[in-house]
Structure formats: C-alpha cells, structure tokens
Amino acid sequence: MSIRPVLETRAATPTMEGAGVHLHRAFGFQDPTELDPFLLFDDFRNEHPAHYQAGFPWHPHRGIETITYVLSGTVDHSDSLGNTGTLGAGDVQWMTAGSGILHQEMPHGNATGQMHGFQLWGNLPSSLKMTDPNYQDVPSAEIPEIIDDDGTHVRVIVGSFWGRTGPVDGIAADPQYLDISIPAGVKKTLPIDTYRRAFAYVFEGEAAFADASAPTGVLLEKEVGGVEVLMRDMAGDRTLVRFGTGDSVTVQAGPEGVRFLLISGAPIQEPVAWHGPIVMNTQEELRQAMKDLRTGQFIKTGHG
Ligand code: FE
C-alpha cells in the first residue's frame, strides 16, 4: 500500500460570484491542470441572506459538468430546456452542460437564514464537450450511507466505495465524490485508485492528512479521549488538501472529529481554453461559443 502524500493544504479564498454571492473558493481559474479533471470548487456557506440571495441569475455553460451538493437551505434552479426544481439539504444535482444550457441558480436560507452547499466543476473531454445537456437530480434519500464500526460515516454520492455505489452516473472522468465524517481521534486509511487525481475539502472540525510512513517521533501528539491525535499538518475548516499519487489516503480526526469531501477523478489531460462558465479545448471553440451566444445558436432547440 502506498499512502498519497499531501502536496499542499490551503485555505479557500473569499470570493464574490453571480449577482453578489459571498462564497469561498478552494480552487478555480488558476492552473486547470492542478486537479484535472476538476476545474473549480466553491463553498457556499453563509448566515446572511443579503450575502447570497441575489444568487446566480441566468448564465450559460458549455463544455463542463457542474455538481451541486446542498447541506442546508435550498437552491431553486431553472434552465433553457424547461427544467425547474429545488435542491434541498442532502440533495445533489449533477448537470452536464455539454453543448450548452442557460440556467439560473437561486439559493435560499433555512429557517435561521443559513445556506450551505458546494459546487464542483468537472471538465469534459473533447469527445463530450458538445454532447447533449443532461441533468441528474438525486434526492438525499437515494444516496447510500455507510457507517463503519468506529463511527465513521460515508455518503457515497458518486462512484463506488466500500462496496456501495452512488446513484450519479458520472459520464466523464470516472469521478468519485464522498462526504465523510470521522469521530474524534479516529484514524482511517481510505482507498483511492492510483490513476485518480484526488483532493479533500474540510468543512467541519479538523484532521491530519499525514503520510503514515512519516516518523512519528517528530509529531506533536495530543490525547483525545484516550487516543493520540497527530497535531501536525492539521487541516481545519474550509481547507483544501491536495494529494499526490498513491493508492490510499490516511486521515486522523482532530479533537472535534472531522467532516470533509473526498473527491477524485481520472485526469483528462487535454488543452483547456476557459472563459467564465465556458470551458473548451481551443480559443477558436471559445470564439464559436461567444458567437453562438450572440446569434442565439448556443442552445439546441428541438430534440437531438
Ligand atoms: Fe451555473
């Protein structure tokens, strides 16, 4: 077994998006090869309706998939194909923009005004960039949940893990998207196929994503409920952890436990031409997308 090293931990950056939504961006619009096949990851967590209710009014997407996972509050969505719906707590929407959609995404808080959710952008390979748009709306109840003997809790949103398979059919990049909670002090080794690029995003508590082969003598240890917790390289709330190659990751939860997303996928390794919500392979394809927007050709009408 080879434990994936931690290449980098970094805090998500406060960012403004849409019509004035305050969010935290873990990555995006920088080096698209870093976490290929993933392009962007945003954390929408906010207690102030004035900081999110303007939402994301009508905008286009082409050439990518957007994956929205809601933890609290709701997101109303509607699009140019005539789809409408509401995502609630625990629900997932996997949208394949393909050749093009126009949509709007409008967040609403829960009873106390809180809104929390995530949006991940997955790239599409050149062969699928102009595929027909598609939605997979998955209610929370359809997402398999696994509880291990030590209290570790895993929601399998996409891909297979510990013998369970999530309900979303990730059409490209063979993604795996897991929501993992680990109790205080518990140490886990979690398998991730070697061909995948992988990252974790911590959003509750903290954990050490350490290389188990590191000499324990240099670690600062702290006892939590009779269990020694490694306090080196602790990744706390709103932290991105980017992994190198290997067939597993190790994680040891901190004194309050940890909850994080563990996301991985097969790199696409193609040129990226990126303009806002449109991601193609070449500048010419970007120009064509802009022209299609101007001339009303962006969206396929009728079937096919
Ligand atoms: Fe969008």
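Mapped onto our numbering, the consecutive letters of the sequence shown carry residue numbers 943 to 1246.
Where is the CB? At the ideal position from N, CA and C, for every residue including glycine.
Source: prediction; values computed, not measured.
Asked	Found
Could you check if P1049 belongs to the surroundings of the ligand FE, using beta carbon to heavy atom distance under 8 Å?	no
Roughly how many angstroms lie between the CA atoms of F971 and G1178, to the nearest whole one?	23 Å
For A953, I'd like the list of residues in its chain whose CB is within less than 7 Å of its CB, leaving aside the five on either flank, ordered along the chain.	R1180 and T1181
On the criterion of 16 or more Cβ atoms from any shown chain inside 10 Å, does H1217 qualify as buried, or is it exposed?	exposed
Count the other C-beta atoms from every protein chain shown that fall within 10 angstroms of the C-beta of Y994, then say buried if there are 16 or more, exposed otherwise.	buried
Nearer than 8 Å: is that true of the beta carbon of P999 relative to any heavy atom of the ligand FE?	no
If you measure between the beta carbons of T1094 and K1130, is that distance less than 9 Å?	yes
Check whether the Cβ of T1247 sits closer than 8 Å to any heavy atom of the ligand FE, and report yes or no.	Residue coverage of the chain in this structure runs from 943 to 1246, which leaves residue 1247 outside it and unanswerable.
Leaving out five residues on either side along the sequence, give the residues of the same chain with a beta carbon under 7 Å from the beta carbon of P1219.	H1001, P1002 and H1003
Among the candidates L1132, F1145, R1139 and T1136, whose CA atom is the shortest distance from the CA of A1152?	L1132
Taking 8 Å as the cut-off, is the CB of H1045 close to at least one heavy atom of the ligand FE?	yes
Quick one: grab the DSSP three-state call for M1232.	helix
Chain C beta carbons: is any one of them nearer than 9 Å to that of P1197?	The question asks about chain C, but that chain is absent: this structure has only one protein chain.
For P1157, I'd like the list of residues in its chain whose CB is within less than 6 Å of its CB, leaving aside the five on either flank, ordered along the chain.	Any reading at P1157 must be qualified, since the residue scores a pLDDT of 43, below 50, and its modelled position is unreliable; no value is offered.
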